[in-house]
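Written below as structure tokens is the structure these notes are about.
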Amino acid sequence: MKNPEKNKSKNKGDAIVELKHLTWEDIEELPKEKTIFFLPISPMEEHGPHLPVGTDFLTAEDTAKAAIQKIRQKDHSIHCILLPSVPLGYCEFSTDFPGSFSVSSHTIKEVVYSFGSSLATHGFKYLVVCTYHMALGHLKGIYAAMQKLRKKYHMHVCEPWAPIFYSQEISKAEPKLGFETNKELHAGFRETSLMKYQYPYLVSPKYQNLLPCHKDLDSPRIVFQKLKDLGVTQGYIGNPSKADATYGRWFFNFTVDTYVSATFSLLNNEKPRPLPKDTKNKIRLLFWQ
Ligand SMILES: [Zn+2]
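Laid out in structure tokens, this is it:
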């Protein structure tokens, strides 16, 4: 790097501060009570024939960045540090398509715990885990890691999106559409809309001709099955053809606002919003794999 000073001064403005650009001294100097770390983590996973495999990964990273900007606008004294995005997740379910890379729930637990414990060892207290991948096996790893960080280090850590996603709050809050969105589970209307808003050039126009594909993923029969076993031949569950960038913008901002309010309540040392009871029970019953 030719002029490190110049690069550093960039970070003093409104640019997002990324951990990978800091020295250990920069990190040591951060005020422990006023610094919060954001960890985007979502796998590469197939998202139908029309969306990139990085859909969840890009969304986790982009919503984290937008949330950091909003938090800084509201309170300049808070130091938000973006950790490098981790391209990992448990997504065994969709590995019968190329482009899905699944690691075990154990690995997810280890990764999240390792980031948190390294920070806690150096006196940091606040961590927001940003994931857009909502598979229960993935959340099992994240929630176990968070529990361990709270227990061992009294760290204030939260994952803001799953409690909202699993409480049906999106359909309550979303603009009226004239059709149900609850069954838009994977690469359907919601995610295709989101990508049309964020990355229109990455959405294949073939989404317009895809027929609706609805499956009940709550059924106990699906344990250990993969998408193709369930008749999901093209890798999406929902109705992508209805996708709309205006809805995508609403959905993106709704996710960002969820992160912003969760961050402020974490900094106020409030208890993070828990997962709904039935989701928690399902996660508990899942085997570690
Ligand atoms: Zn997704």
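Here the working numbering is used: the first residue of the sequence shown is 4, the next is one more, and so on. Beta carbons: idealized from backbone N, C-alpha and C, even for Gly.
query	result
Starting from L85, trace the beta strand (DSSP E) both ways and give me its first and last residue.	H82 to L85
Excluding five sequence neighbours on each side, which residues of the same chain lie with their C-beta closer than 7 angstroms to the C-beta of Q292?	S107, S108 and G140
Report yes if the C-beta distance between Y93 and S105 is below 8 angstroms; otherwise report no.	yes
Please give the ranges of any beta strand (DSSP E) in the segment 133 to 217, keeping only runs that are unbroken, at least 3 residues long and fully inside the region.	159 to 161
State the DSSP-derived secondary structure class of L54, mapped to helix, strand or coil.	strand
Comparing alpha-carbon positions, which option in A63, P208, I71 and S88 lies nearest K3?	The chain is shown only over 4 to 292; residue 3 falls outside these bounds and no answer can be derived.
When we look at the beta-carbon of K143 and count the other beta-carbons within 10 Å, is it buried (16 or more) or exposed?	buried
Along the chain, where does the beta strand (DSSP E) that runs through I19 open and close?	I19 -> no beta strand (DSSP E), and no H or E assigned at all.
Are at least three pairs of beta-carbons, each pair with one atom in the segment 177 to 195 and one in the segment 227 to 246, less than 8 angstroms apart?	yes
Could you tell me whether the Cβ of W164 comes closer than 8 angstroms to any Cβ of chain C?	The structure shown contains no chain C, having only a single protein chain.
Looking at ligand 1, does it come within less than 7 angstroms of A190, judged from the CB to the closest heavy atom?	yes
Pull up the distance between the alpha-carbon of R287 and that of K280, whole angstroms please.	10 angstroms
Could you check the C-alpha separation between A69 and I173 for me, to the nearest Å?	19 angstroms
Are S196 and D260 touching if we call contact CB-CB under 8 angstroms?	no
Please tell me whether V20 and I84 are closer than 8 angstroms, where the distance is taken between their beta carbons.	yes
Rounded to whole angstroms, what is the Cα-Cα separation between H53 and N272?	42 angstroms
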